[in-house]
Every structure is written in C-alpha cells, then in structure tokens.
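Residue numbers (UniProt numbering): 1 to 228.
Below is one structure, written out as structure tokens; the observations come after it.
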Amino acid sequence: GNKVFGGGGGGGGAQAQQEQAPVVSGVVEVELSYEQSRHRLHLDVSATAAAFCTQVYLATGVIPARQKIVGFKTSSGQAHPTPLLPDADLRKLGIRPGMKLMLFQLPIGHELEPYNLTSHLVDRVASKCMLLQQRVDAIEAILLVQRLEGQSAEELATAAKLHKLCIIYDDNGLKLLLKIDEIDGDENTKAARKALVRRVNGELDRLERLKKRLQPLGGDPAAGGGGG
1 GNKVFGGGGG GGGAQAQQEQ APVVSGVVEV ELSYEQSRHR LHLDVSATAA AFCTQVYLAT
61 GVIPARQKIV GFKTSSGQAH PTPLLPDADL RKLGIRPGMK LMLFQLPIGH ELEPYNLTSH
121 LVDRVASKCM LLQQRVDAIE AILLVQRLEG QSAEELATAA KLHKLCIIYD DNGLKLLLKI
181 DEIDGDENTK AARKALVRRV NGELDRLERL KKRLQPLGGD PAAGGGGG
C-alpha cells in the first residue's frame with residue numbers, strides 16, 4: 001500500500017514513531033481507514049472532537065453522529081477502551097503524528113452519547129446543547145478557513161455536505177427543544193430550562209444563517225426535511 005509517513009523529523013522510521021511523545025497541542029497528520037479507502041487528515045489536538053468529526057464527515061460522507069472512530073491510546077500508551085466520544089478531550093488520547101485510526105459507521109439509533117452525561121435530565125440536555133454548539137462551531141470554522149465561494153466542483157461538494165449537516169443539526173435542535181419541554185421542577189429548574197431554550201434557539205439561529213449562506217453554493221433546495 002502507499003506509505004503515508006514521510007517528512008517530519010527525519011527519525012528512524014517506525015521506531016522513531018514509537019518513541020514520539022503524544023501531542024497535546026497543535027496540528028498533526030493522521031491516517032484514517034474507512035472501508036477500502038485511506039484518508040490523510042490534519043487533526044488539531046487543541047480543537048474539539050466535533051471539529052475533527054466534521055473533517056472526517058467531509059472526507060468520508062459518514063455524519064458525525066454515526067461515526068465510530070477507534071485507534072486512540074490512553075496516556076500509558078494502551079489501546080483506548082472506547083471509540084472517540086462526541087465530547088472527548090483530544091489532548092488525552094495519546095495522539096501522535098502518523099497515527100492510524102479506523103472509522104466504522106454506526107447503525108441509526110446506536111449513536112455514541114457524550115462522555116459527560118449524567119442521569120439528571122437538565123444535565124443531559126445541557127451536555128447535548130454543548131455538543132450542538134460545538135458542531136455548529138465546527139461548520140463555522142471550516143467556512144472561515146476555506147472561504148467557500150463555489151468556484152470549483154470540490155467547493156460545491158463541500159458546501160452541499162455542510163448544508164446537509166446544517167439540516168441534520170437543525171432537526172437535532174428541534175428534538176432538544178422537545179426534550180427541554182419535558183423538564184419540570186422548582187424555580188431553579190425552571191430557570192435552567194429557560195436558559196437551555198435560549199441556548200438552543202441561539203444555535204438554531206446560527207444554523208439558519210449558515211443554511212442561507214451555503215444554499216446558493218451547493219445546498220440542495222429540495223432538501224427540506226431531516227437527513228438520511
């Protein structure tokens with residue numbers, strides 16, 4: 001197969017790679033295998049897992065919620081017991097340049113839950129609000145870096161994929177509002193509920209702006225409803 005590792009530090013091949021300390025900031029190149037294809041991706045260790053999952057989606061077409069990415073390590077260098085969780089801290093996953101990761105597509109209904117999830121309904125919804133915010137941030141960050149203008153087929157394809165993601169996240173946000181509706185309790189709980197509604201509505205507003213921006217580029221005007 002084609003070797004992915006090259007440049008870097010002029011070390012002694014695989015041995016040097018083993019001796020490298022995990023990276024806790026900055027950008028490293030990793031290799032992601034999915035089905036029969038391999039992709040080189042730049043992973044920003046200081047960014048959110050949502051940012052990396054958005055990149056993985058653009059490369060493979062597997063939406064973030066359905067991604068099961070394995071191959072990370074614990075701080076002691078052992079294989080990490082869980083796949084990449086949606087709100088994982090990338091700095092704690094033993095990431096090294098040239099790391100080999102594998103992607104599997106999860107069936108619908110088997111999506112991975114955020115790591116920081118308690119049984120308390122307000123906390124659960126707050127965790128999912130945070131994840132929604134990080135996922136919308138990730139789309140905005142790509143638009144900042146890539147400045148998509150629809151000049152090339154590749155740009156149009158990226159815009160169409162991001163537009164689809166906005167529609168899926170829109171749907172997630174509306175489902176979150178229904179969940180928030182179930183929250184009942186004392187004054188503090190009601191205040192928390194109000195704050196969550198504001199937060200989700202803020203994300204839905206951002207998604208609306210993103211959809212308008214992406215629509216003329218590559219968005220499918222017919223794609224009104226949920227993703228899938």
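Think of the CB as a built atom: it goes at the ideal place given N, C-alpha and C, for glycine as much as any other residue.
Just so we're clear, the structure is a prediction, and the values are computed from it rather than from any experiment.
For Leu85 against Thr158, the beta-carbon gap comes to about 26 Å, at or over 8 Å, which does not count as contact. Membership of Asp170 in the alpha helix (DSSP H) is indicated by the continuous run Ala153 to Asp181. Contact between the segment 25 to 35 and the segment 59 to 79 is present, with at least three C-beta pairs closer than 8 Å.
For Asp137, the closest alpha carbon among the candidates Gln67, Ala65, Arg206 and Val200 is that of Arg206.
Looking at the DSSP output, Glu31 sits in a beta bridge with Arg40 and Lys100. Taking a contact to require three or more Cβ pairs closer than 8 Å, the segment 102 to 112 and the segment 160 to 167 do not qualify as touching.
Among the bridge pairs identified by DSSP, Val62 is matched with none.
When secondary structure is reduced to three states using DSSP, Val70 falls in the strand class. Glu203 and Asn188 have their alpha carbons spaced roughly 23 Å apart.
Nearest in C-alpha terms to Gly77, of all of His163, Asp181, Gln20 and Leu174, is Gln20. At the C-beta level, Glu29 and Gly98 come within 8 Å of one another.
For a cut-off of 8 Å, the C-beta gap from Ala50 to Leu131 is around 7 Å, short enough to register as a contact.
Non-local beta-carbon contacts of Ala126 in its own chain, meaning distances under 7 Å to residues more than five positions away in sequence, involve Leu196 in chain order. The distance from the Cβ of Ile142 to that of Leu174 is about 23 Å, inconsistent with a contact at the 8 Å cut-off. The criterion of a C-beta distance shorter than 8 Å is not satisfied by Val27 and His39. DSSP, reduced to helix, strand and coil, places Ala126 within a helical segment of the structure shown.
Beta-bridge analysis with DSSP links Ala79 to Lys73.
When rounded, the separation of the alpha-carbon atoms in Asp186 and Arg193 is 11 Å. As DSSP reads the structure, Gln105 sits in a beta bridge with Gln67.
Shown here, Gly94 sits in coil according to DSSP, grouped into three states, outside any helix or strand.
Following the DSSP letters along the chain, one finds Arg193 inside the alpha helix (DSSP H) bounded by residues Glu187 to Leu214. If you draw a 10 Å sphere on the C-beta of Val145, you find fewer than 16 other C-beta atoms in it, and that means exposed.
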